[in-house]
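First comes the structure, then the notes that go with it.
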Amino acid sequence: MRPLTRYLPEPIKKPLRTIRSRVQGTLMKQVFRKEMTVAQLNRLFRLHRYWYVATYADNQLISRHNCDFMTDERFLKGHRFAQQMTAQERPMWSAYLLQWAARQAVTVEGDFVECGTARGFAAASIVASLDWQRHHKRFFLFDSWEGLLNGQLTDYERTVLYGRGLDGVNQSYTGYYEEVQRAFSSFPSVVFIKGYVPESLSRVEIPTVAFLHLDMNAVYPEVEALRHFWPRLSRGAWVVLDDYGQPGRGEQKQGMDRLVEELGCEIFASPTGQGLIIKS
Ligand SMILES: C[S@@+](CC[C@H](N)C(=O)[O-])C[C@H]1O[C@@H](n2cnc3c(N)ncnc32)[C@H](O)[C@@H]1O
11 MRPLTRYLPE PIKKPLRTIR SRVQGTLMKQ VFRKEMTVAQ LNRLFRLHRY WYVATYADNQ
71 LISRHNCDFM TDERFLKGHR FAQQMTAQER PMWSAYLLQW AARQAVTVEG DFVECGTARG
131 FAAASIVASL DWQRHHKRFF LFDSWEGLLN GQLTDYERTV LYGRGLDGVN QSYTGYYEEV
191 QRAFSSFPSV VFIKGYVPES LSRVEIPTVA FLHLDMNAVY PEVEALRHFW PRLSRGAWVV
251 LDDYGQPGRG EQKQGMDRLV EELGCEIFAS PTGQGLIIKS
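Count along the sequence shown starting at 1, add 10, and that's the number in the working numbering.
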């Protein structure tokens, strides 16, 4: 409250506080609009005398750290390819982390695996940033291409996280399997395994894995996928957990935390919401 308003009587201060908090609430909603640019955000900060100059903002993360990666040609090549191929957008910092981890994994023995591919944004961004054909690796993409399996969800996922919206979510993940296959047709070593994880994992033999990306938006298949691939991950292999620290995804974090305790490793929690593991 401003200094002068301090002297106002409580019956006047109270509605002023209510108005102020509503205005702030509306402004906060704007901050979390995906399309707000860094310049717009900084204007909003200045307006509210909050002396913070952001260099980066997406719908999850605001930072004033250096983000030179946003103009890095190698990153942009993969990111633009994925944008064009899928007509989708992703927060740049998490897309960068994923691409970077995949680039480190290129020198590790084994294939690449993703569980939860949808239209293929992440996979496309990786293959395009890596000059994929040069590396003689296979990239296995596992997805039902029909969404999440109701019977695999926890009570919380079924009733709170997805609630009555599960049909809509599943519809948005259905109907483009052939389209995704066509989009990757210039990358012959990309292999599609259609079906529900974990059952689908045993349909193909992948003896060694260098890179694993888990992005199925549900705790059970993700935990089972990591359990399945753990003995197959080479020393130095990289694992990226897309939802590890995302808001509302506490069960996925708890499930992974329990599993890594069993496996004897540790997850790095990135401010992008992703979790990162290196197999030692
Ligand atoms: C968030 S999307 C993946 C996004 C993708 N990584 C990208 O970069 O665009 C989640 C995907 O997981 C898939 N999925 C969910 N549960 C699954 C399961 N048990 N087995 C296979 N796929 C599953 C859905 O069909 C959906 O395509």
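Here a beta-carbon is modelled for each residue, glycine too, at the ideal position from N, C-alpha and C.
Since we're looking at a predicted model, the values are computed, not measured.
Item: heavy atom of ligand 1 below 6 angstroms from L171 C-beta; Value: no
Item: S154 beta carbon near ligand 1 (any heavy atom closer than 6 angstroms); Value: yes
Item: Pick from R168, V214, Q191 that is closest to N227, judged by C-alpha positions; Value: R168
Item: Proximity below 7 angstroms, CB of K147 to CB of F122; Value: yes
Item: For S244, the first and last residue of its enclosing beta strand (DSSP E); Value: 243-251
Item: Buried/exposed call for E124, threshold 16 Cβ in 10 Å; Value: buried
Item: Distance cut-off 6 angstroms: G258 Cβ against heavy atoms of ligand 1; Value: no
Item: Exposed unless 16 or more other CB atoms sit within 10 angstroms - verdict on S104; Value: buried
Item: Bridge-paired residues (DSSP) for Q125; Value: The identity of residue 125 in the sequence shown is Cys, whereas the question assumes Gln. Beta-bridge pairing links C125 to F152, L224.
Item: Simplified DSSP assignment, three categories, for V33; Value: helix
Item: Closer than 6 angstroms: A247 CB and nearest ligand 3 heavy atom; Value: Among the ligands in the structure shown, ligand 3 does not appear; only ligand 1 can be found there.
Item: DSSP three-state assignment for A279, whether helix, strand or coil; Value: strand
Item: Whether A279 touches A115 by CB criterion (7 angstroms); Value: no
Item: Rounded straight-line distance, which links the Cα of R16 to that of A128; Value: 55 angstroms
Item: Inter-residue Cα distance where the pair is L273 and A247; Value: 14 angstroms
Item: Residues near Y106 by beta carbon distance below 6 angstroms, same chain, minus five either side; Value: F79, F85
Item: Cβ separation of G283 and Q70, assumed to be a contact under 8 angstroms, to the nearest whole Å; Value: 6 angstroms
Item: For E261 and M11, the rounded distance between their alpha carbons; Value: Reliability of the predicted coordinates at M11 is poor, the pLDDT of 48 falling under 50, and no value is obtained from them.
Item: Coarse secondary structure for A67, derived from DSSP in three states; Value: strand
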